[in-house]
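The structure appears right after this line, and notes come after that.
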Amino acid sequence: MEIVLQDCKTHLFLREGGEWTEDVKGARPFQHSYDAVEFVTTAHLRDMQIVLTFPQRCYDIVVPLAGERPCAHRVSRTYTAPDVQADNPS
2 MEIVLQDCKT HLFLREGGEW TEDVKGARPF QHSYDAVEFV TTAHLRDMQI VLTFPQRCYD
62 IVVPLAGERP CAHRVSRTYT APDVQADNPS
């Protein structure tokens, strides 16, 4: 898993040196999500989201930053959890 930043408006990923790329494989990885949040705050970036990327992109997790609504992500799947009924001892 890698932690990267994505611009919500352009769908581009942040690269080293402040450049942007369409290819998530070329994105700058952050060691911790806190580091990504700190970078966004320090650089005064807006409309950003953290993307936790996995080798199989269908498992990517998108985390919108404070006050932001989730952006459209290139691989977006909806997961519906199965109904779980708690045991109700009578």
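Under the working numbering, the residue at position 78 of the sequence shown is numbered 79, and the numbers go up by one with no gaps. Beta carbons are placed, not taken as given, at the ideal position from N, Cα and C, and that holds for glycine. It should be emphasised that the depicted structure is a prediction, and the values quoted were computed from it without experimental measurement.
Sequence-distant residues of its chain with Cβ nearer than 8 Å to residue i (five each side left out)
i: V41; result: L6, M49, L66
i: H33; result: I4
C-beta contact flag for residue i and residue j at 9 Å
i: E23; j: H12; result: yes
Cβ shell of residue i (< 7 Å), same chain only, five flanking positions each side left out
i: E17; result: R29
Residues bridged to residue i (per DSSP)
i: D8; result: M49
i: P65; result: Q50
i: F14; result: Q7, T22
Through-space distance from residue j to residue i, alpha-carbon basis
i: D8; j: T54; result: 15 Å
i: F14; j: V52; result: 9 Å
i: Y60; j: E20; result: 25 Å
i: G27; j: Y35; result: 20 Å
Beta-carbon contacts of residue i that lie in its chain and below 6 Å, excluding the five residues immediately before and after
i: F31; result: I4, A37
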